[in-house]
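K.L.:
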């Protein structure tokens with residue numbers, strides 16, 4: 015008879031933590047490579063690249079599509095920070111893309127809930143648990159994006175916070191730091207190697223761009239995998255401990271901390287889905303943990319800003335943080351707003367339990383077809 019005990023991790027925790035730190039360095043080098051590659055193509059290239067997303071709604075849909083395609087808001091936001099930090103994308107155009115990434119990342123949990131499709135009651139609970147995250151982000155964007163376009167209040171707060179951090183001498187200026195010098199070092203060696211091989215400027219830009227994107231994808235994938243091995247059991251224990259004490263604001267804080275620790279909101283929220291489906295926790299108790307995960311996921315953009323030269327890279331990272339913190343504060347602390355995402359999720363789940371085809375329409379239509387049509391119509 016085979017031993018059913020779980021396999022023991024062959025690596026001690028400290029080894030995995032060292033590996034995570036190396037991966038985070040690789041991630042920063044990747045962001046810098048992405049920034050340098052885009053910058054190397056010149057202004058004409060970047061103008062052509064983003065002329066189709068000059069409309070804010072088109073930018074929102076681009077953010078949704080990009081995140082759905084790579085199945086990670088972290089990759090999308092890190093790329094956006096790199097583009098803004100290189101001066102290739104303005105903060106104003108990037109704000110809707112960041113908000114779109116917030117919406118796009120929720121598709122992962124929705125897909126996870128499909129594992130309960132054949133068990134009707136469990137599916138209803140799991141689908142509601144997944145889509146409450148969808149509806150929270152949709153409601154938040156529906157309110158915050160028009161306000162931001164009209165007043166620019168989120169960007170103003172982010173600019174103010176960037177000024178407090180004092181990491182840059184002036185708007186648009188550059189400043190050296192130990193982290194930036196360490197990140198630039200391997201890229202400078204690569205550029206010298208390419209020069210020695212006779213590579214032209216465009217070739218070098220292509221190499222840096224492709225290498226940067228690859229490094230970001232690989233680094234984030236393996237950081238998430240290693241942090242999951244280190245933290246997954248602790249996440250579940252923490253969730254149970256929080257819920258036994260009533261949740262609320264404490265659950266939001268712990269949800270934030272756990273997501274920062276595992277570098278993925280999908281891990282935090284995906285742990286909730288089977289627990290909700292089994293009836294171990296209620297939607298109402300799981301809700302604040304999901305909101306905390308929304309705040310915690312902004313850590314990736316903040317890390318990416320460490321590799322950028324321009325203050326704008328930090329500003330857009332702080333826009334992501336500010337947007338999520340304000341959204342959670344408004345939608346959770348005001349009683350008349352708090353239940354709206356929950357009620358919408360429960361209503362959709364009841365219909366999906368009866369008509370399973372509605373799930374396909376919702377996922378494909380909401381996360382793929384509508385964004386594609388939006389980009390084509392609004393370009």
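Residue numbers (our numbering): 15 to 393. Note that the Cβ used here is the ideal one computed from N, Cα and C, for glycine as well.
1) Anyone know if the C-beta pair for residue 298 and residue 356 falls short of 8 Å?
2) Among 335, 43, 376 and 125, which one has its Cα closest to the Cα of residue 10?
3) Only counting the same chain, and skipping five residues up and downstream in sequence, which positions put a Cβ closer than 7 Å to that of residue 173?
4) Given that a residue counts as buried once 16 or more other Cβ atoms are within 10 Å of its Cβ, and exposed if not, what is residue 46?
5) Please confirm if the stretch 97-113 is in contact with the stretch 267-281, defined as three or more CB-CB distances below 8 Å between the two stretches.
6) Skipping 5 residues on each side, what residues in its chain have a beta carbon closer than 7 Å to that of residue 76?
7) What residue from 278, 288 and 228 has the CA that sits closest to residue 144's CA?
8) Near residue 351, which residues of its chain fall below 7 Å by C-beta distance, leaving aside the five closest residues on each side in sequence?
9) Measure the C-alpha to C-alpha separation of residue 379 and residue 392 and round it to an integer number of angstroms.
10) Considering only residues of the stretch 58-108, which uninterrupted alpha helix (DSSP H) runs meet the minimum length of 4 residues and lie entirely inside it, listed in chain order?
11) Assign residue 213 to one of three DSSP states: helix, strand, or coil.
12) Identify, in the order they occur along the chain, each residue of the same chain with its Cβ nearer than 7 Å to the Cβ of residue 316, setting aside the five sequence neighbours on each side.
13) Skipping 5 residues on each side, what residues in its chain have a beta carbon closer than 7 Å to that of residue 301?
14) Is the beta carbon of residue 93 sitting closer than 8 Å to the one on residue 81?
15) Should residue 367 and residue 137 be called a contact, given that it needs their Cβ atoms to be closer than 8 Å?
16) Is residue 145 helix, strand or coil when you go by DSSP?
17) Taking Cβ to Cβ, would you say residue 199 is nearer than 8 Å to residue 363?
18) Exposed or buried, which one is residue 32 when buried takes at least 16 other CB atoms within 10 Å?
19) Does DSSP classify residue 293 as helix, strand or coil?
20) Which residue marks the beginning of the alpha helix (DSSP H) containing residue 131, and which one marks its end?
21) Quick one, which of 51, 386, 26 and 40 has its alpha-carbon nearest residue 218's?
22) If residue 230 sits next to residue 381, beta carbons under 8 Å apart, how far is it from one beta carbon to the other, in whole angstroms?
23) Between the Cα of residue 37 and those of 386, 314 and 375, spot the shortest distance and give me the residue it belongs to.
24) If you reduce the DSSP assignment to three classes, tell me which class residue 24 lands in.
P.N.:
So, from the data block:
1) yes
2) Here the chain covers residues 15 to 393 and nothing more, so residue 10 does not appear.
3) 329
4) buried
5) no
6) 67, 111, 114 and 389
7) 288
8) 344 and 345
9) 18 Å
10) 70-84 and 87-99
11) coil
12) 331 and 335
13) 146 and 356
14) no
15) yes
16) helix
17) no
18) exposed
19) coil
20) Counting along the chain, residue 131 falls outside any alpha helix (DSSP H), and DSSP gives it neither H nor E.
21) 51
22) About 22 Å; that fails the 8 Å criterion.
23) 314
24) coil
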